[in-house]
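Numbering (the numbering used here), first residue to last: 4 to 210. Below is one structure, written out as structure tokens; the observations come after it.
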Amino acid sequence: MAMTEPTPPAVATASTRDRLLDAAAQLFYEEGVHVGVDTLCRAAGVSKRSMYKLFDSKDELVAASLERSAPDFELDLLPAADDCRSPRARILHVFERLEYLERDHEFRGCPFVAAAIQVKSSEHPASRVARRQKDKLTAFFRYEAERGGASDPALLARQLTLVFDGASAQSVIQAKDLDGLAVTTASTLVDAAGVSSSEAPADSRLA
4 MAMTEPTPPA VATASTRDRL LDAAAQLFYE EGVHVGVDTL CRAAGVSKRS MYKLFDSKDE
64 LVAASLERSA PDFELDLLPA ADDCRSPRAR ILHVFERLEY LERDHEFRGC PFVAAAIQVK
124 SSEHPASRVA RRQKDKLTAF FRYEAERGGA SDPALLARQL TLVFDGASAQ SVIQAKDLDG
184 LAVTTASTLV DAAGVSSSEA PADSRLA
């Protein structure tokens, strides 16, 4: 009878890392980043020793879990690159998605804002991840604002990010639906900035 080949260490390590990151992303979002290491390791089904072999500290794990959740969060919010709607429609898509997601009882606001507020230090690894993600959202708004002919694309992008974060926090604090307020507020800003509602040429769309 042939002997079963042992699992290569790299595969086992990847599996452990995945379980830790998945458990961390869920627990930190649902309960906060101050969830204890013991609780986290139990949820992931891994030992503390294994965790500290993969991550030098819990702070590093918090940051890595945010990085892990970022692509899914972006996919939930941003329009597809080949979405041929106008810049105005593409911007408002983000707020429409936010209002759709916040009607889910599991919604607990923007995970990046929540983590940065909880860790408090601007130099914490999680705060740096949060800033990168917020900068990416602002960059998306600015790109579409420029494409749509906004009078001041940089200012509008910052205003829209402010509305997004404020709406996310309001939904959690008040524990009730936004009832279209995020979309209408963003619409007011976009229209005041003169963003076009006309469809742009295909070769000017975000690649």
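Here a beta-carbon is modelled for each residue, glycine too, at the ideal position from N, C-alpha and C.
Under the three-state reduction of DSSP output, residue 154 falls in the coil class, being neither helix nor strand.
Put simply, the backbone Cα of residue 198 is about 50 angstroms away from that of residue 48. The segment 20 to 37 and the segment 64 to 71 touch, with three or more beta-carbon pairs separated by less than 8 angstroms.
Residue 94 and residue 43 have their C-alpha atoms some 37 angstroms from each other.
In its chain, beyond the 5 residues on either side, 192 have a beta carbon closer than 6 angstroms to the beta carbon of residue 162.
Within the segment 57 to 111, the alpha helix (DSSP H) runs of at least 4 residues that lie entirely inside it are, in chain order, 61 to 80 and 90 to 105. Residue 175 is positioned such that its CB atom lies no closer than 7 angstroms to that of residue 98.
Taking all protein chains shown into account, residue 151 has 16 or more neighbouring C-beta atoms within 10 Å of its C-beta and is therefore buried.
Ranking 147, 184, 29 and 153 by CA distance to the CA of residue 102 puts 184 first. One thing to note: residue 136 has its Cβ within 7 angstroms of the Cβ of residue 73.
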